Amino acid sequence: MKLKIDSFSSSLNKAGEEVCGNIIEIAKDETGLTAIFSDGEGDGTGASITSSFVTRMAAFLLKNGEGVNSVIRTIADTYSETGDGGNLVPGITVVRVTAEGNVSLASMNMPKPIVLKRGKPVDIDLQKTKNGSKQVYFSDFSAKNGTMIILFNEGFLLAGKKNVGWDETIIKKYLQISYKPVNFNVQKITKLLITAAGSLELNSPNHDISVLSLQTISQR
Amino acid sequence: MIAYKTLMLKIYKPTKSKRELMNSAIIRYSWALQFLLDRYRKNILTIASSEQQVKRSMLLKLIDKDDLKKLNEFDVEPFKDSLKMEFAAMAANFIAQRRRSPAVRYPEVALNVLDPQDAATISDLRAHPVYFGRYAINRDYCLMYDRSTGRFYAKLYLLNAKNKLIGGKDQGRLQLQYIFDGMPNVTWGIEAKRFIIVPLAFGRHQLQDMNRLLENPALAHTARLKKIKGEYYLLVNIECDAPQKEKTVTTLGIVRSASGGLHYTVCDKSENVIDSGTIKKPATECQKLYLLAKSILKVCRRYHPQVVVEGSGGKNDKLLLTKIPGVKPLTTTEYMRFVKILSYKLPIEGLPPPIELSANRLFNSCPVCSLTSQKNRITPRLFICIECGHASAVESVGSLSLIHKLQKYRSNLKYQGKYIAKNSQDNGFQQ
Chain A
24 MKLKIDSFSS
34 SLNKAGEEVC
44 GNIIEIAKDE
54 TGLTAIFSDG
64 EGDGTGASIT
74 SSFVTRMAAF
84 LLKNGEGVNS
94 VIRTIADTYS
104 ETGDGGNLVP
114 GITVVRVTAE
124 GNVSLASMNM
134 PKPIVLKRGK
144 PVDIDLQKTK
154 NGSKQVYFSD
164 FSAKNGTMII
174 LFNEGFLLAG
184 KKNVGWDETI
194 IKKYLQISYK
204 PVNFNVQKIT
214 KLLITAAGSL
224 ELNSPNHDIS
234 VLSLQTISQR
Chain B
886 MIAYKTLMLK
896 IYKPTKSKRE
906 LMNSAIIRYS
916 WALQFLLDRY
926 RKNILTIASS
936 EQQVKRSMLL
946 KLIDKDDLKK
956 LNEFDVEPFK
966 DSLKMEFAAM
976 AANFIAQRRR
986 SPAVRYPEVA
996 LNVLDPQDAA
1006 TISDLRAHPV
1016 YFGRYAINRD
1026 YCLMYDRSTG
1036 RFYAKLYLLN
1046 AKNKLIGGKD
1056 QGRLQLQYIF
1066 DGMPNVTWGI
1076 EAKRFIIVPL
1086 AFGRHQLQDM
1096 NRLLENPALA
1106 HTARLKKIKG
1116 EYYLLVNIEC
1126 DAPQKEKTVT
1136 TLGIVRSASG
1146 GLHYTVCDKS
1156 ENVIDSGTIK
1166 KPATECQKLY
1176 LLAKSILKVC
1186 RRYHPQVVVE
1196 GSGGKNDKLL
1206 LTKIPGVKPL
1216 TTTEYMRFVK
1226 ILSYKLPIEG
1236 LPPPIELSAN
1246 RLFNSCPVCS
1256 LTSQKNRITP
1266 RLFICIECGH
1276 ASAVESVGSL
1286 SLIHKLQKYR
1296 SNLKYQGKYI
1306 AKNSQDNGFQ
1316 Q
């Protein structure tokens, strides 16, 4: 059974910044979908330049036939340690979802994604490694009809954290509670999460906030 | 427009004999009032069950001469007019309430003392306060001022001719003047008297009003003599200029906070949040509600808002879904008392009284999309709407929801064509 992959992303700029430091690029073809989600360290133009650079780098490597894991390994090797030479290490996640439902996910310095199957959060096997101070993890799993992969940056997790305890567990609980079998799509879930994070920051975020949602739907 | 305010003046360290006289007066007054209420119970209940229009004069006429003579048994000759007025007021009030709700009980003047002699030893005397219907030099009550010391005194007529005080002290060094037209001097000797003179104690704010009385004695009106927790107070009604009503430009929602204080949100006319914050529970339990009201008034002075509060003391507002150890918000009774305090403090500031809106499931409903569901309460402290994603701390949601409810009611009223400017101002609404 072939799967159709839907995607939707949304971002909120840090209050007072005109440029978002997060870049999300999605490439679709007949065989599946590839998404690159990068988070530049800091905010504003500086972060935007860093994330653009790392996104270009990943896109170039993917175009030249590199695998998802290999791309992240190369990027992790390329960047020096934080503070060394003044370079700031960005965060990046690359996901490849095929029409057959195979998901390859690799990430560096980004929060763990949330995977929902029919509205229920499921744990995925993550191979964690450390490359210097950089947190790198890889995961391969299979998606079925209705599987959702939700990716977000560190700024999303920091929204309102001090006041109300907004964390991964609460986000999972919220997604589970708000799930409805009908009309629950990537667009709706992304908007819900972005609205929640934005309102927790009283609509003037202290960080750039971005959410990318992917959903696999069986083609009939 | 004329407004009245009540000055609470403490009777400063009355002697034992004066305490006994005041206790006795309060009890005799209560008994006499109860006598009238019992005597005319049937007549009042009949009027209450009819649809007859009630006038004060009609109720005053109920009392016949024989019954007025019988009142003398209680030695209440100085209070007869006050008793008649108070009886008429209580009866009218009862009739109006009974017509609205048949469950309303007939008024009773509560007493826990049988003998006036025992009253002096009881600190919490639950009797009806004595009402002084006139401000006069030679009857009811009058205020006095000693120019040499700057102190204030009250002259209270508590005794009838039969029980005159004999052998009291003379004027001594006091150089008293009546606070009355022309400020006449007070003179008295050791002859028998029907009144007592008591010194008064009060705070800085009351002093300003007392100084106004010195300039214009006609501002003083009726008064009551009341015993509260073993102390005696004279509650004097004085005339004051009604504060100029300020035009409200914002809306302030106030809800109970889980920590025992209050949470408020201020929104402008376009419902944008201007300010929001929590007022912590005061460290001392004593005067807690007054301190909370004081903090809210500070916010009001800054934003000139229309205040919106939870109705029925926040009953069923679902602030706490389950009992959390160590977390104790204001009780519904406390919150109701706080609203009562606000409802007279706000008009003094020139603002309309607070509007009470239903608090039913207030903390479960989304201020943005109005969806009300317990699922919105992800944790006891965090609210995230499952429909629109609006997220906030639970307390902020409550205060914001109140503001949105008010806007919704207003727009509904406008839509129905019932938004009449005149009525709306009376209700605290302003366009």
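Line order of the protein sequences matches chains A and B. Number 243 marks the last residue of the first sequence (this note's numbering); no jumps. Number 1316 marks the last residue of the second sequence (this note's numbering); no jumps. The beta carbon of each residue, even a glycine, is placed where N, CA and C say it ideally should be. All of these numbers come straight from a predicted model, not from anything done at the bench.
Counting only beta-carbon atoms, is residue i nearer than 8 angstroms to chain B?
i: A/Val234; result: no
i: A/Ser165; result: no
i: A/Gly188; result: yes
i: A/Ser201; result: yes
i: A/Ala219; result: yes
i: A/Ser33; result: no
i: A/Ser222; result: yes
i: A/Tyr197; result: yes
i: A/Ile137; result: no
i: A/Ile193; result: yes
i: A/Leu215; result: yes
Please list, in chain order, all residues of the same chain as residue i whose beta carbon is under 6 angstroms from its beta carbon, the five residues on each side excluded.
i: A/Arg119; result: Thr57, Val91 and Ser127
i: B/Thr891; result: Leu1120 and Asn1122
i: A/Thr116; result: Phe60, Ser130, Met133 and Leu174
i: B/Ile1269; result: Ile1263 and Ala1276
i: A/Ser32; result: Ile47 and Leu235
Excluding the five sequence neighbours on either side, which residues of its own chain have a C-beta within less than 7 angstroms of the C-beta of residue i, listed in chain order?
i: A/Leu84; result: Val94 and Thr97
i: B/Lys1111; result: Pro1014, Tyr1118 and Leu1120
i: B/Ile929; result: Ala976, Phe979 and Ile980
i: B/Lys1213; result: Gly1145
i: B/Ile1081; result: Lys903, Leu906, Leu1041 and Leu1043
i: B/Val1326; result: Any question about residue 1326 of chain B goes unanswered here, given that chain B covers just 886 to 1316.
Check the Cβ-Cβ distances between residue i and every residue of chain A, and say whether any is below 8 angstroms.
i: B/Ala1276; result: yes
i: B/Arg1266; result: yes
i: B/Ile912; result: no
i: B/Cys1273; result: yes
i: B/Lys1260; result: yes
i: B/Ile1269; result: yes
i: B/Ile896; result: no
i: B/Ile1209; result: no
i: B/Ile1113; result: no
i: B/Ile1181; result: no
i: B/Ile1263; result: yes
Between residue i and residue j, which are expected to be in contact by the criterion C-beta below 8 angstroms, what is the C-beta distance as a whole number of angstroms?
i: B/Leu1285; j: B/Gly1138; result: 6 angstroms
i: A/Ile137; j: A/Phe164; result: About 13 angstroms; that fails the 8 angstroms criterion.
i: B/Thr1087; j: B/Cys1027; result: The sequence given here has Phe at residue 1087 of chain B, not Thr. Not a contact, Cβ separation roughly 17 angstroms.
i: A/Leu26; j: A/Ser241; result: 6 angstroms
i: B/Pro963; j: B/Arg1089; result: Wrong, their Cβ atoms sit about 33 angstroms apart, outside the cutoff.
i: B/His1148; j: B/Glu1280; result: 4 angstroms
i: A/Leu235; j: A/Ile47; result: 5 angstroms
i: B/Asn1398; j: B/Lys1203; result: The question about residue 1398 of chain B has no answer here: the residues shown for chain B are numbered 886 through 1316.
i: B/Ile1226; j: B/Leu1291; result: About 20 angstroms separates the two Cβ atoms, so there is no contact after all.
i: A/Leu215; j: A/Ser201; result: 6 angstroms
Count the other C-beta atoms from every protein chain shown that fall within 10 angstroms of the C-beta of residue i, then say buried if there are 16 or more, exposed otherwise.
i: A/Thr170; result: buried
i: A/Thr218; result: buried
i: B/Asn1261; result: buried
i: B/Ala888; result: exposed
i: A/Val187; result: buried
i: B/Arg913; result: buried
i: B/Cys1152; result: buried
i: A/Gly106; result: Only weak support is given to the placement of A/Gly106: the predicted model assigns it a pLDDT of 48, under 50, and the value that follows is read from those uncertain coordinates. Classification for A/Gly106: exposed.
i: B/Ala1103; result: exposed
i: B/Lys1040; result: buried
i: B/Asp949; result: exposed
Using C-beta distances below 8 angstroms, list every residue in its chain close to residue i, excluding the 5 sequence neighbours before and after it, in chain order.
i: B/Asn1221; result: Correcting the residue type first, residue 1221 of chain B is Met in the shown sequence and not Asn. Once the five neighbours on either side are set aside, the close Cβ partners of B/Met1221 are Ser1197 and Gly1198.
i: A/Thr54; result: Thr121 and Ala122
i: A/Gly183; result: Trp189, Ala220, Leu223 and Glu224
i: A/Ile28; result: Lys51, Gly55, Leu56, Val120, Ala122, Leu237, Gln238, Thr239 and Ile240
Would you say the stretch 1231-1250 of chain B touches the stretch 1165-1174 of chain B, given that touching needs at least three Cβ pairs under 8 angstroms? no
Is the stretch 219-238 of chain A close to the stretch 1275-1290 of chain B, with three or more CB pairs under 8 angstroms? yes
Between the stretch 971-979 of chain B and the stretch 929-946 of chain B, do three or more beta carbon pairs fall short of 8 angstroms? yes
Does the contact criterion of 3 or more C-beta pairs under 8 angstroms hold for the stretch 73-81 of chain A versus the stretch 148-167 of chain A? no
If contact is defined by three or more beta carbon pairs under 8 angstroms, each pair taking one atom from either stretch, is the stretch 62-75 of chain A in contact with the stretch 41-54 of chain A? yes
Hey, is the stretch 951-968 of chain B in contact with the stretch 915-922 of chain B, meaning 3+ C-beta pairs nearer than 8 angstroms? yes
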